[in-house]
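Worksheet for the structure shown next.
There are 6 protein chains.
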Amino acid sequence: MKSVAVRRIERAEPAVIDGLATLGVATVHEAQGRFGLLKPHIRPIYAGARIAGSAVTVLTHPGDNWMLHVAVELCQPGDVLVVALSADNTDGMFGDLLAVSAQAHGVRGLVIDAGVRDVADLKRLNFPVWSRAIHAQGTVKATPGTVNLPVVCAGEIVNPGDVVICDDDGVCVVPRASAAQALELGRKREARETDVRARLAAGELGLDIYGMRERLVAAGLEYLD
Amino acid sequence: MKSVAVRRIERAEPAVIDGLATLGVATVHEAQGRFGLLKPHIRPIYAGARIAGSAVTVLTHPGDNWMLHVAVELCQPGDVLVVALSADNTDGMFGDLLAVSAQAHGVRGLVIDAGVRDVADLKRLNFPVWSRAIHAQGTVKATPGTVNLPVVCAGEIVNPGDVVICDDDGVCVVPRASAAQALELGRKREARETDVRARLAAGELGLDIYGMRERLVAAGLEYLD
Amino acid sequence: MKSVAVRRIERAEPAVIDGLATLGVATVHEAQGRFGLLKPHIRPIYAGARIAGSAVTVLTHPGDNWMLHVAVELCQPGDVLVVALSADNTDGMFGDLLAVSAQAHGVRGLVIDAGVRDVADLKRLNFPVWSRAIHAQGTVKATPGTVNLPVVCAGEIVNPGDVVICDDDGVCVVPRASAAQALELGRKREARETDVRARLAAGELGLDIYGMRERLVAAGLEYLD
Amino acid sequence: MKSVAVRRIERAEPAVIDGLATLGVATVHEAQGRFGLLKPHIRPIYAGARIAGSAVTVLTHPGDNWMLHVAVELCQPGDVLVVALSADNTDGMFGDLLAVSAQAHGVRGLVIDAGVRDVADLKRLNFPVWSRAIHAQGTVKATPGTVNLPVVCAGEIVNPGDVVICDDDGVCVVPRASAAQALELGRKREARETDVRARLAAGELGLDIYGMRERLVAAGLEYLD
Amino acid sequence: MKSVAVRRIERAEPAVIDGLATLGVATVHEAQGRFGLLKPHIRPIYAGARIAGSAVTVLTHPGDNWMLHVAVELCQPGDVLVVALSADNTDGMFGDLLAVSAQAHGVRGLVIDAGVRDVADLKRLNFPVWSRAIHAQGTVKATPGTVNLPVVCAGEIVNPGDVVICDDDGVCVVPRASAAQALELGRKREARETDVRARLAAGELGLDIYGMRERLVAAGLEYLD
Amino acid sequence: MKSVAVRRIERAEPAVIDGLATLGVATVHEAQGRFGLLKPHIRPIYAGARIAGSAVTVLTHPGDNWMLHVAVELCQPGDVLVVALSADNTDGMFGDLLAVSAQAHGVRGLVIDAGVRDVADLKRLNFPVWSRAIHAQGTVKATPGTVNLPVVCAGEIVNPGDVVICDDDGVCVVPRASAAQALELGRKREARETDVRARLAAGELGLDIYGMRERLVAAGLEYLD
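In structure tokens, the structure reads:
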């Protein structure tokens, strides 16, 4: 594989990115038509964080974290590192020192389809990570990969500059070009849900609010006593 | 598969159910003879919850949460939704809105052999869930399943109206007909354990309290220095 | 398999053990040359604990926790129980009562390549556990195994008396004979990292601090704009 | 768990059982409304076998194959042993000697949610097995389980006397009471498929044979050039 | 997700495609710089097949095989169906009838990140399949997906018209635009390997043929007697 | 990790090794007291091979097969390569060329806790492999490991010169020092089993041959009609 690092990438508008963070993963995923979710093995290392940012994409090899150092230099404030692997791996590719460095350059967090370590430190630093594993296994710096080329991370295509949204439900990718539209659709969805939530809290049934009863009978549902 | 929803089910006595919740999963599982546990991939979405309730059983298909809306209408206060799948799946079949609706009808929690989403909201609502996964993946409403027929959820048979006990150790099913007996046996076990716990805390050994030394030697154990 | 329990084992110096605990898993693993880590399926049952101790090694069979009772008698204050299995298993082999007993004998914690239960109690007792699973499944006491023979636990050889270090990043084994050296190397590593951390926090890049730029170009990395 | 072995069970008609074997797993599964399939981790140890028989159900514990000896005595010619486990396990619970014994009593094959061994011998004996794993790990005979009580095997309820059908696609359970109906429905399905197969082989499209085009458009499908 | 089926796609030259099939997965993967391999959970349903063809890409939902019927109409002789899923699933989405239909339209085989069934029939038809699972679980036709849009299948991006190569080692994707170059590079690699193979067969060591001895010492390797 | 290759190792007697191969994995595993089996994820790449040989042990890193070239030089006729990994990995570390080279030096086969490729070639060469995966993923030669130090491979300790036995049931390790005794015990076991097999084939029950009836009743088994 040719090793390339691309210096300049396009990013979405900061206001759009922050708006998507406020909506959260589940709402944006639905609003953009139910695509863009990373597989469920990607989990936060601690609960409660919610971020969005511009993806700086990295491709590395199992047990080798060299390109993470290359990537940090190419990050801007507001970015999120998105690390894909050329083969499944759980080694601890990122820890305390890289987090301090990334934070110093304004990086908001990390999404990695491998392992991380020093997780007590990462929590104390308030540097959120979504990863496949937590493992202390050390890595080498021997084989270069790529930075800011498109990658497949946990089953999803991530292009450099795409918006990644991360919270307790997982990670969702929004293509940069449609980020503003996703924000608008997400806000509409949220508004509709606020109304529905109130009716459900009052005891109304989804069966009635969404008008499902006839469709269920047509699909063959039969009630017995 | 024929799609059926059964409206009326028998439930155990509320006092029995609440007594079983107090005992917890491990004690009841032991007291009823070591059966009834769901497989260990079913985990709470947040630590510290402990509930018991009458199972309203649901069978759904991968990526389709239609029957959950049907099920909520058939729930009574004190029930727990138990959702089985016709094939392994991790989609986020249940979230904030369904939780609000279920809570409005008195449902105490959810056990689901699939994924859930909006987990930060579920925690804030204090609506506990035991699930196979956390994932935001959206679902459709296209193919009906069943409500209140017997299901196999995470490896265990659950009949509608069975008592399900859920805590940090997992989920245990108690057949409705033997719930009162399980409670009685569980309380006796708990009483015995209180005594043993005090002796162990004082430094006595299980080897002596349980009289294991001779049996171990008979089974071939040899001590070396 | 012949069933043997060895009463006397050699242990490392208490000051060395406590020093290794302070350094933590990731640092010691690196300091001793990147070996000794248990596989990443071994996870703490609650976050925030960090211990080190002398391994009392146990080999048990799936669904059988008899040897844990044998092992507790052979523990001294400062020990950590390390439990290997003769085949993969997730049953809840250890719970509240065994924890009370182990604590009464000064045991600092448990590492087990199987399941544990009563995890809410274990947390309240402040008895930390690193395990493969949490499950309430009860066990029998029918087939003896071994205590204080070498075992393979989660992929690593653990000899009785080896130092095991456990924190949020997992579990690392340090051979007893090289524990003092690992402590010394770990402290040096920590000192170096303190300096690097400060430079990274000030915005310097790992690329420069570690002098990676030339090696990366030599390895084929190409920058594009 | 109380240990019980039930001597007498009801079985389906031999002609019905053999008819179901001829139809095979996929056809019968569809014909009876898409239920009854064991999970896909159950695989044949060699390709090409296709059997059906009356289930003699066994519940055993991880690493303990004692009840298999109890079960063989209760088998009749035409039976299939169906072995469930009280917890996930891959030990080699069944091998050459048990196969010779089972064959001597007319047993047609084995379905087991654990491991088997001596698989070269089993193939030479022409004794087919569908299992979770192949592993030589030896077992003990220490803790009794049950024979001919209902079990959950690989996610499905199997009652003693149910018909189990096994081929390269996996294993399907047909309740004894509905076996004759399943055979009839399966034969009708097979007849319909013979006709459809010929039309498809001639190049006709499923889209036309099944009349899907309008439904697809109604569901939102759009064609682009 | 918007449901779209694209009728016309570009394909690589037939001679290039057939040349890539002759080289096989491992050689082409290396020749194009070590990318393009699907994850190792994709396995052939029977050994010995080796094909290459133009990808007709399909995205379906768990338990729903509707789009496979749409896709068959859009296939040309020499194509290979490549089926991605919107969430992990093992249902038997493809069987005997679809294979007969696909073969009638010249389709060479199937790559699917889900399950297939009727595998004995598929083998008899000589219709090769590379899949995640074998399972008879039936599917519905309720929710449309896409045909001939880019997909991520088993971790790799596949664009419609890309060349997919499939053999006993797995599946490799070659971008249509670089297929001719991959063929050329692959042939050169094969020629080199023929020479090396003869020298290795004569007992020469890779250490000497590849000149590794100095590099190994430089990297720190030490020999002991 | 310090990179070391040890040139000279002790081996067991050829006649002992060949005798163990004749007995096979399951018999030897039982004869030596039920230890030494690699985990069941290690499977043969084709059925029917049965070998035994002296272990030349290799430790490599994920995605790096450099040490395999070092190891081949240190092999003697009758050896088996046993490859452990410093972290879980499925890359195709071994293929056609390395097999030709190993065969030229008399190596009987390969056991590897990672992936292999060119499996059609390996089968044609009659070079048997037991591996964790089949995958074409290419590897680098960047970081040295060790040869002929003790390793943990698929959960078992393997010392250089230990006898490894490999057949369709998996892989078993016999310590060099006890290989002759294991052969003797295995032959006795085999002789006993020949007698038992004949009695079982004649319809006698294991319950009677092994005298289990009383022990089963004592353990609580109850028969019902």
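Chains as they are written, first to last, in our numbering: chain Y, 2 to 226; chain U, 2 to 226; chain H, 2 to 226; chain Z, 2 to 226; chain P, 2 to 226; chain L, 2 to 226.
Here a beta-carbon is modelled for each residue, glycine too, at the ideal position from N, C-alpha and C.
Since the model is a prediction, treat every value here as computed from it, not as a measurement.
**Study point:** Start and end residues, beta strand (DSSP E) containing L126 of chain H
**Key:** L126 of chain H -> no beta strand (DSSP E), and no H or E assigned at all.
**Study point:** Neighbouring residues, chain H, relative to E74 of chain Y (Cβ below 7 Å)
**Key:** L206, L208
Check your understanding: Taking K142 of chain P as the reference, which of P:G37, P:L69, P:A56 has the closest Cα?
Key -> P:L69
Check your understanding: Does DSSP put R188 of chain Y in a helix, a strand or coil?
Key -> helix
Practice item. Answer with yes or no whether the minimum CB distance from R35 of chain Z to chain U is below 9 Å. Key: yes
Exercise for review: Measure from the C-beta of H136 of chain H to each C-beta in chain Y and report whether the shortest distance is under 9 Å.
Suggested key: no
Review point. Whose C-beta lies closer than 6 Å to the C-beta of C173 of chain P among residues of the same chain, with five residues either side of it excluded?
Key: V26, V29, H30, G37, L38, I166
Practice item. Could you tell me whether any Cβ in chain Y is nearer than 9 Å to the Cβ of V84 of chain U? Key: no
Point to revise | Beta-carbon separation (whole angstroms), N160 of chain P vs L75 of chain P, contact threshold 8 Å | key: The pair is not a contact, with the Cβ atoms about 15 Å apart (cut-off 8 Å).
Practice item. Put E205 of chain H into one of helix, strand or coil per three-state DSSP. Key: coil
Check your understanding: Where does N66 of chain Y land, buried or exposed, given buried means 16+ other C-beta within 10 angstroms?
Key -> buried
Exercise for review: Give the DSSP-derived three-state secondary structure of I113 of chain Z in the structure shown.
Suggested key: strand
Review point. Looking at chain Z, which residues of the stretch 86-100 of chain H have a Cβ within less than 8 Å of any of its Cβ atoms?
Key: S87, A88, D89, N90, T91, D92
Check your understanding: Is it buried or exposed for P78 of chain P, if we count other Cβ within 10 angstroms and need 16 for buried?
Key -> exposed
Review point. In whole angstroms, what separates the C-alpha of I227 of chain Z from that of V152 of chain U?
Key: The structure shown does not extend to residue 227 of chain Z, since chain Z is modelled only from 2 through 226, so no value can be given for it.
Review point. Counting contacts by CB-CB distance shorter than 9 Å, is P145 of chain H in contact with chain U?
Key: yes
Review point. Which of the residues in the stretch 48-72 of chain Y, read from start to end, lie with their CB under 7 Å from any CB of chain L?
Key: H62, P63, G64
Check your understanding: By a C-beta neighbour count over all protein chains shown, 10 Å radius and 16 as the cutoff for buried, is G107 of chain P buried or exposed?
Key -> exposed
Practice item. Please check if any C-beta of chain U sits within less than 9 Å of the C-beta of E157 of chain Z. Key: yes
Check your understanding: Anyone know if the C-beta pair for A56 of chain P and V17 of chain P falls short of 9 Å?
Key -> no
Exercise for review: Could you tell me whether the Cβ of A112 of chain Y comes closer than 9 Å to any Cβ of chain P?
Suggested key: According to the sequence displayed, residue 112 of chain Y carries Val and not Ala. For V112 of chain Y, the answer is no, since every Cβ of chain P falls outside 9 Å of its Cβ.
Check your understanding: Is it buried or exposed for G171 of chain P, if we count other Cβ within 10 angstroms and need 16 for buried?
Key -> buried
Check your understanding: Which one or two residues does DSSP pair with W67 of chain Y in a beta bridge?
Key -> None, per the DSSP bridge assignment.
Practice item. Look at L201 of chain L and A50 of chain Z and say whether their C-beta atoms are less than 9 Å apart. Key: no
Practice item. Determine the extent of the alpha helix (DSSP H) in which V218 of chain U is found, giving its start and end residues. Key: 214-219
**Study point:** Backbone secondary structure at H42 of chain Y - three-state DSSP
**Key:** coil
**Study point:** Rounded straight-line distance, which links the Cα of V84 of chain U to that of T58 of chain U
**Key:** 6 Å
Point to revise | DSSP beta-bridge partners of G139 of chain H | key: DSSP lists no partner for G139 of chain H.
Exercise for review: Going by DSSP, name the residue or residues bridged to C154 of chain Z.
Suggested key: Z:E157
Check your understanding: Who are the Cβ neighbours of R190 of chain Y in its own chain at under 7 Å, not counting the five residues just before and after it?
Key -> T28, E31, A32
Check your understanding: Any beta-carbon of chain H closer than 9 Å to the one on K142 of chain L?
Key -> no
**Study point:** Neighbour list for D119 of chain Z in chain L, Cβ cutoff strictly below 7 Å
**Key:** A27, D170
Check your understanding: alpha helix (DSSP H) containing E31 of chain L: first to last residue?
Key -> 26-32
Review point. Under 8 Å Cβ-Cβ, which residues of chain Y neighbour R8 of chain U?
Key: Y224, L225, D226
Review point. Looking at C-beta atoms only, is the number of pairs between the stretch 109-129 of chain U and the stretch 200-216 of chain Y that lie closer than 8 Å three or more?
Key: no
Review point. Starting from V55 of chain H and walking both ways along the beta strand (DSSP E), at which residues does that stretch end?
Key: The identity of residue 55 of chain H in the sequence shown is Ser, whereas the question assumes Val. Residues 52-61.
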